[in-house]
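**Q** Taken in order, the sequence shown gives residues 419 to 617; the numbers are from our numbering. Don't be surprised by glycine CBs; every beta carbon is placed ideally from N, CA and C. Here the structure is a predicted model, which is why all the values come from computation and not from measurement. Mind having a look at this structure? Questions to follow.
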Amino acid sequence: MNLANKLTLLRLILIPFYVVFLMLDPVLIGSQQNIVFFSHIALTIFIIASLTDTFDGKIARKYNLVTDFGKFADPLADKILVVSAMVCFVALGRMPFWAVIIILAREFAISGFRLVVAGKGVVLAASMIAKVKTGWQMVMCGFMTFNMAALVTKQGWPQVVTTVYDILTQITMYVALALTIISMIDYFYKNRQHFTTKK
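Given below as structure tokens:
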């Protein structure tokens, strides 16, 4: 297994650790100081996982290490990381349930469409806007994870700073949702010829 694929595999391995540390409840642990500590660990893990996403593709292209495993596992790891994070945010009351449903619906729709088209021998590449969408979803998850890590720390912040930060966190979510919907429309429109069946 080459270095690029090892980085992708590392991202997959880090995901359950990220989820565990993010979901550790202060009631179960016993103090709010602990939840900040564990959330900081979760944030560190998320940053490392995001960096592996940045470097695995660059290394694969630069050193000609592109493999079928990498083509399959890299976007899969991204989806699992983002979806796992968002499910945690819903459970923790940090993100509305309907927002996750929209993002999941998009992923299932695109993945299902790709499978159908792949059955016809056609491989559909991800569009630039889809890559931007994935990158922004990572930013959103990072922002919300940082928000969790700063949960108690923010209590000592000036009210205006706390308010602005919370607004920025919400903005990242709505931008991610907008990119999710736009990328889905763009994807289906650019590949609309595959909706017709030749007789």
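1. If you reduce the DSSP assignment to three classes, tell me which class Val512 lands in.
2. Drop a sphere of 10 angstroms on the beta-carbon of Val534, count the other beta-carbons inside from all chains shown, and report buried for 16 or more, exposed for fewer.
3. Spatial neighbours of Ala478 within its chain, please: CB distance less than 7 angstroms, with the 5 preceding and 5 following residues excluded, ordered by chain position.
4. Can you name, in chain order, every residue of its own chain whose Cβ lies under 8 angstroms from the Cβ of Val540, other than the five neighbours on each side?
5. Helix, strand or coil for Ser502, going by three-state DSSP, please let me know.
6. Since Ser502 contacts Ser545 with CB under 8 angstroms, what's their CB separation in whole angstroms?
7. Here's a check: name, in chain order, each residue in its chain whose Cβ is nearer than 8 angstroms to the Cβ of Met562, leaving out the five neighbours to either side.
8. Helix or strand or just coil, what does DSSP make of Ser529?
9. Any idea what DSSP makes of Gly398, helix, strand or coil?
10. Starting from Met419, trace the alpha helix (DSSP H) both ways and give me its first and last residue.
11. Measure the alpha-carbon distance for Ile465 versus Ile547 and round it to whole angstroms.
12. Provide the residue span of the alpha helix (DSSP H) that contains Tyr481, from first to last.
13. Where does Leu442 fall in DSSP's three states?
14. Shortest alpha-carbon distance to Arg610 belongs to which of Trp554, Ala594, Met558 and Arg532?
15. Using DSSP with H/G/I as helix, E/B as strand and the rest coil, what is Leu430?
**A** Looking at the atomic coordinates:
1. Counted from its first residue, the sequence shown places residue 512 at position 94. The question names Val, but residue 512 in the sequence shown is Arg. Annotated three-state conformation of Arg512 is coil, per DSSP.
2. Looking up residue 534 in the sequence shown gives position 116. Burial call: exposed.
3. On the sequence shown, position 60 is the one that residue 478 refers to. Cβ within range, chain order: Ala422, Val484 and Gly488.
4. On the sequence shown, residue 540 is found 122 positions in, with the first residue counted as 1. The answer, listed in chain order, is His612.
5. Position 84 of the sequence shown, counting from 1, holds the residue named residue 502. Three-state result, Ser502: helix.
6. For this step, residue 502 is matched to residue 84 along the sequence shown. For this step, residue 545 is matched to residue 127 along the sequence shown. Between Ser545 and Ser502 the Cβ distance is about 24 angstroms, and since that is not below 8 angstroms, they are no contact.
7. Along the sequence shown, read from residue 1 onward, the residue named residue 562 stands at position 144. These residues qualify, in order along the chain: Ala503, Phe507, Arg512, Met513, Thr587, Thr590 and Met591.
8. For the purposes of this step, residue 529 is taken as the residue at position 111 of the sequence shown. Note: Ser529 maps to helix in three-state DSSP.
9. Outside the shown range of the chain (419 to 617) lies residue 398, about which nothing can therefore be said.
10. Looking up residue 419 in the sequence shown gives position 1. For Met419, there is no enclosing alpha helix (DSSP H), as DSSP gives it neither H nor E.
11. Mapped onto the sequence shown, residue 465 falls at position 47. Mapped onto the sequence shown, residue 547 falls at position 129. For Ile465 and Ile547, the distance between alpha carbons rounds to 22 angstroms.
12. Residue 481 sits at position 63 when you count from the first residue of the sequence shown. Careful: Tyr481 lies outside any alpha helix (DSSP H) and carries neither H nor E.
13. If you number the sequence shown from 1, residue 442 lands on position 24. Coil, per DSSP.
14. Looking up residue 610 in the sequence shown gives position 192. It is Arg532 whose Cα lies nearest to the Cα of Arg610.
15. Against the sequence shown, residue 430 aligns to sequence position 12. In this structure, Leu430 counts as helix in the three-state DSSP scheme.
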